[in-house]
Each structure stands twice: as C-alpha cells, then as structure tokens.
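**Q**
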Amino acid sequence: MSQRPGRLRRLLVRVINDENVDLYILAMVAVAFTALGASGLSDVKTLSSVVLALLAWLALSQIKSRRQLDELGKAQRGNPTTLLKSEFPADLISRRAASFDMLVIGLTMTRTVQGLTTDFPAILAAGGRIRVLVPDPHDEALMETADRRMAHSMGAGRVKQRILTTLEDLATIQARNEGRLEVRVLSTIPSAGFNCLDVTSPRGLICVQHYEFQPRREAGPIMTFTAQDGPWFHHFVAEAERMWEAATPVPAIEETAPTPGEGVGAA
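Quick note: the sequence shown uses this note's numbering, first residue 8, plus one each step.
1. Taking 8 Å as the threshold, find out whether the segment 125-133 comes into contact with the segment 231-250 through three or more Cβ pairs.
2. Here's the rule: buried if 16 or more other CB atoms are within 10 angstroms of the residue's CB, otherwise exposed. What is glutamine 216?
3. Measuring straight from C-alpha to C-alpha, what distance separates valine 257 and isoleucine 180?
4. Restricting to Cα atoms, I'd like to know which of Ile70, Ala226, Thr255 and Ala104 is closest to leucine 193.
5. On a CA-only basis, which of Phe95, Leu149, Ile170 and Gly135 is nearest valine 120? Give me that one, please.
6. Less than 8 Å between the CB atoms is what I'm expecting for isoleucine 112 and glycine 200, so what's the real figure, rounded?
7. Going straight from the alpha carbon of lysine 92 to that of threonine 41, what length do you get?
8. Measure how close the beta-carbons of alanine 153 and valine 166 come, nearest whole angstrom, since I'm counting them as under 8 Å.
9. Per DSSP, which residues does alanine 199 bridge with? Please list them.
10. What are the partner residues of lysine 92, as DSSP defines its beta bridges?
11. Residues in the same chain with beta-carbon distance under 7 Å from histidine 242, minus the five sequence neighbours each way, listed in chain order, please.
12. Within the continuous alpha helix (DSSP H) that includes leucine 174, where are the two ends?
13. Helix, strand or coil for leucine 131? Go by DSSP, reduced to three states.
14. Among the residues of its own chain, which have a CB less than 6 Å from the CB of arginine 136, if the five just before and after it don't count?
15. In three-state DSSP terms, what is arginine 118?
16. Could you check what DSSP says for leucine 110 in three-state terms: helix, strand or coil?
17. Who are the near neighbours of threonine 172 in its chain, counting only those whose CB is closer than 7 Å to its CB and skipping five residues on each side?
18. With a 10 Å radius around its C-beta and 16 neighbouring C-beta atoms as the bar for buried, classify threonine 115 as buried or exposed.
19. Quick one: Cα of proline 209 to Cα of glutamate 175, how far?
20. Have a look at glycine 122 and proline 96 and give me their C-alpha separation to the nearest angstrom.
21. Can you tell me whether serine 55 is buried or exposed, with buried defined as 16 or more other CB within 10 angstroms of its CB?
22. Which residue marks the beginning of the alpha helix (DSSP H) containing valine 244, and which one marks its end?
23. Would arginine 138 and leucine 110 qualify as a contact pair, given that the criterion is a beta-carbon distance under 7 Å?
24. According to the neighbour-count rule (16 or more other Cβ atoms, all chains shown, within 10 Å of its Cβ), is glycine 162 buried or exposed?
25. Between which residues of its own chain and asparagine 184 is the CB-CB distance below 6 Å, once the five residues before and five after are set aside?
26. Which of helix, strand or coil does DSSP assign to arginine 224?
27. Between serine 198 and glutamate 246, how many whole angstroms is the CB-CB distance? I'm expecting something under 8 Å.
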C-alpha cells in the first residue's frame, strides 16, 4: 500500500511535465461532456459553451505547436556563418600530415606540396596513398583562366611555372620514396579546391574552397564537412573523385609536352 501513493505521484508528475498534457486534458473534457450530452445530464447551452471553450483551447494548442515547429526549423537551418568560412580550418595542416589517404586538388598546389615535403614520405612509408590534381600547365588558355582565379594576378606564365615546380617537387618525392603517390592534370579549371582526407573512414574530412573570379583576397567561402554530415560530405567527395577520374596521369602529359622552341610563343 505504501508504494501506491509514490507511483501515483510519479505518474502525476510525468503527465504534468508531458508536452502534450494540454491535449490530454482537452480530450478528457471532450469525452466527458460528450457523455453528459448523450445521457441528457447537460443542456444544450452548457454544451455549446464547452464546445467553444474546447475550440479555443485547441487553437492555442495549434499556435504552440506551430511555434515549436518554427523553432525546430530555425535550429535545423542554423547560421550560415557556421558553415561558410573565410579561412581554412586551423587544424587542416595537422590533419593532412596525419592522414593515410589524401586527395588534394587546386590551382597550383605550391603551398600545399611545399608544406608537406616532410610529411609525404612518412605517409608513403606507412603504406598510405597520396593523390594530387592540378590544371594542365601546358594548356596556355587554361593558364590564363587559372590566373583569373588567383587572389593576386601573376600572369599565365608564372602560373604555369608554379604548377611545373609543383610537378617537379612531386616527381622528386616520388623518385626518393616508395609508395602510392599519384599525380594527374586536368584539362579544365577545378570547380573548387579540395582537401579530401581519409574520406572512406569514419574520421573522414573534406575541405572545399570555392574559387572566385578575380578575388581580392583568399577565395571563398571555405567549407568543411565530416563523414557525420552525410549527403553533402558524400556529394563533394563524389565530385572530387569525378575530376580525378577525368584527369590525365602526369607521365602521359610529359610525354606529349611541347619541346623547347615549340608551341605558343615559339619563334
């Protein structure tokens, strides 16, 4: 007997704290007065007043529900500034150095490759895979377009030289280290800059930099997605992989590269 009051109190507290308590009360009152009306214990005037009161209560409940839905929608949309950044994540460099499977795509990749000169050999020695994708430096028109995507124009010739330097640095790393280091060139400007790190693992991360036309500073926005972000994470991973599949391995490009004295600007 002593346990019954305690159970009743817990049940009462649970009902009172329930978000739908107003609907429970509304339903009970409606059932009660429906029974009174059917049995003739309540007159028409009283029933009409109760019905109007119930309708008013139902309207208030609907207003409450709509406010909750609005708040939920705002929470799901979130603040766009939490996703769209003007700078790269502070831990991107360390994440790249600690990755096992990497696909990086960019315009010249000079800063990235030079920054990872000591990390690439360690990744390769551990059995990791590194893939680098840049525009084809032997396409002069493509180099002019790439220059217009730079924060500071340096001329198509300089862009070409920076890409060639990147390719030479990668060739040196490849010659000095065993492992899976693959380099390809693309016949179009990449739609964005990509850092795809361990994307097939639960700790996968992809950082996407939108390329602007003649940006005045670092192109943006910059967006970061993890495997937990679901559809958009997989969307950008798939896009990066499509560009990689459409690109040409560097050895094939080097074999068809114009020799000195040929091509644009030749005498």
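Ideal Cβ positions, reconstructed from N, Cα and C, are used throughout, including at glycine.
**A** Here's the rundown:
1. As far as the Cβ criterion goes, the segment 125-133 does not touch the segment 231-250, which means the pair count is below three.
2. Counting Cβ neighbours within 10 Å, glutamine 216 comes out buried, since at least 16 surround it.
3. Note on geometry: alpha-carbon atoms of valine 257 and isoleucine 180 lie some 14 Å from one another.
4. By alpha-carbon distance to leucine 193, the top candidate from Ile70, Ala226, Thr255 and Ala104 is Thr255.
5. Looking at the Cα atoms, Ile170 is the closest of the given residues.
6. Yes, they are in contact, since the Cβ atoms of isoleucine 112 and glycine 200 sit about 6 Å apart, within 8 Å.
7. Their Cα atoms are separated by approximately 60 Å.
8. That pair is a contact at about 5 Å.
9. Assignment of beta-bridge partners to alanine 199 by DSSP yields His217.
10. BP columns for lysine 92 point to Ile229.
11. Apart from the 5 residues on each side of it in sequence, histidine 242 has no Cβ closer than 7 Å to any other Cβ in its chain.
12. Residues 163-183.
13. Residue state, collapsed to three classes: helix.
14. If the five residues before and after arginine 136 are omitted, its C-beta is found closer than 6 Å to the C-beta atoms of Asp108 and Arg187, all from its own chain and listed in chain order.
15. Secondary structure at arginine 118: helix, using DSSP grouped into helix, strand and coil.
16. Looking at leucine 110 - three-state DSSP - the assignment turns out to be strand.
17. Contacts found: Thr117.
18. Taking all protein chains in view, the Cβ of threonine 115 is crowded by 16 or more other Cβ atoms within 10 Å, so the residue is classified as buried.
19. Taking the straight line joining both Cα atoms gives about 34 Å.
20. Rounded to whole angstroms, the separation of the alpha carbons of proline 96 and glycine 122 is 15 Å.
21. It counts as exposed.
22. It spans 238-253 - the alpha helix (DSSP H) in which valine 244 sits, taken as one unbroken run.
23. In contact: arginine 138 and leucine 110 (Cβ atoms closer than 7 Å).
24. Counting the other Cβ atoms within 10 Å of the Cβ of glycine 162 gives fewer than 16, which makes it exposed.
25. Taken in chain order, the residues that qualify are Pro128 and Leu131.
26. Arginine 224: coil per DSSP, three-state reduction.
27. Contact between serine 198 and glutamate 246 is confirmed by a C-beta separation of about 7 Å, below the 8 Å threshold.
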